[in-house]
Every structure is written in structure tokens, then in C-alpha cells.
Amino acid sequence: GVTTGIGAVINTAKVEQGATAVVFGLGGIGLNVIQGLRLAGADMIIGVDVNNDKKAWGEKFGMTHFVNPKEIDGDIVPYLVNLTKRGADQIGGADYTFDCTGNTKVMRQALEASHRGWGKSVIIGVAGAG
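In C-alpha cells form, the structure reads like this:
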């Protein structure tokens, strides 16, 4: 979990200081993605999980925001895009998104929550064939 999560941030995505990021799934790998984002110097680290018990764990690893998709009205993608708007950038969307769930619906949400034009979406949890 540790090398997979931190490696995805440092080696695969090459996250830079000041970046915004969304991590879908706060299990062992997701928490280590958060730790890697903190080490890389990301400013905004949003954790997404349907289990509210994961919030405290995410914060211990460096998460700055927590979103439970079951507790927001409507689609999570516009919610996350809006949350990541900052300064002159009113398009929104995270610089980096990480799917640590293996769920194809979540993979699509992660892609759509990344910034148009330059956002990177990294899929760590791989779904079964079909």
C-alpha cells in the first residue's frame, strides 16, 4: 500500500508543490496517496469516501477536505469541480485525481473531476474485465 500510493503520486503523476488533488477511496492505498500528496507539497487534498469513519484517518495522513458522496445533493463531479476553483481559475477541476477503488463508475468520476486542459487522472484500483 505505501509504495503503491506514494509511488503513484511521486513517480507516476509527478505531483508538484501547490497542486490540487482528489483521492477517491480512503483505504490503505488511498491513505498512502494522501501521504504522498502531502510529501509532494499539494495545497488542497480532497478525500472522497462513503464511510465517514475514513475522515479522521484521512486527516491524520494530510487530507485537507473530506467529501462523502452520499451526503451531497446530486452528482459529485460538479461539486468537486466547484470546490477546486481558486483565484483566477474559475474553470475548476483538480490538477490530479486518483482512483483507489477499482469501481468503473468512480474511475469516470475521477476523470471528469480533473481539470480540463491539464488535469491528470491516475487509476490505481483496476476493475475486473467486462
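So the sequence shown is numbered by the numbering used here: it starts at 2 and just counts up by one. For every residue, glycine included, the Cβ atom is placed at its ideal position computed from N, Cα and C.
So for residue i, helix, strand or coil by DSSP?
| i | result |
| --- | --- |
| isoleucine 46 | strand |
| lysine 86 | coil |
| alanine 22 | strand |
| valine 68 | strand |
Give me the residue from the options with the minimum Cα distance to residue i.
| i | options | result |
| --- | --- | --- |
| alanine 114 | Asn12, Ile35, Val16, Phe25 | Phe25 |
| alanine 57 | Tyr97, Thr13, Val16, Ile35 | Ile35 |
| threonine 98 | Thr13, Asp76, Asp74, Lys61 | Thr13 |
| glycine 118 | Asp96, Asn83, Leu81, Leu32 | Asp96 |
| glycine 93 | Cys101, Thr102, Asn83 | Asn83 |
For residue i, which residues in the same chain have their Cβ closer than 6 Å to its Cβ, ignoring the five residues on either side in sequence?
| i | result |
| --- | --- |
| glycine 48 | Val24, Leu27, Gly59, Met64, Phe67 |
| valine 123 | Ala9, Thr13, Ala14, Phe99 |
Which residues does DSSP pair with residue i in a beta bridge?
| i | result |
| --- | --- |
| threonine 98 | Val23, Ser122 |
Please determine if the segment 79-91 and the segment 39-56 are in contact, where contact requires at least 3 C-beta pairs separated by less than 8 Å.
yes
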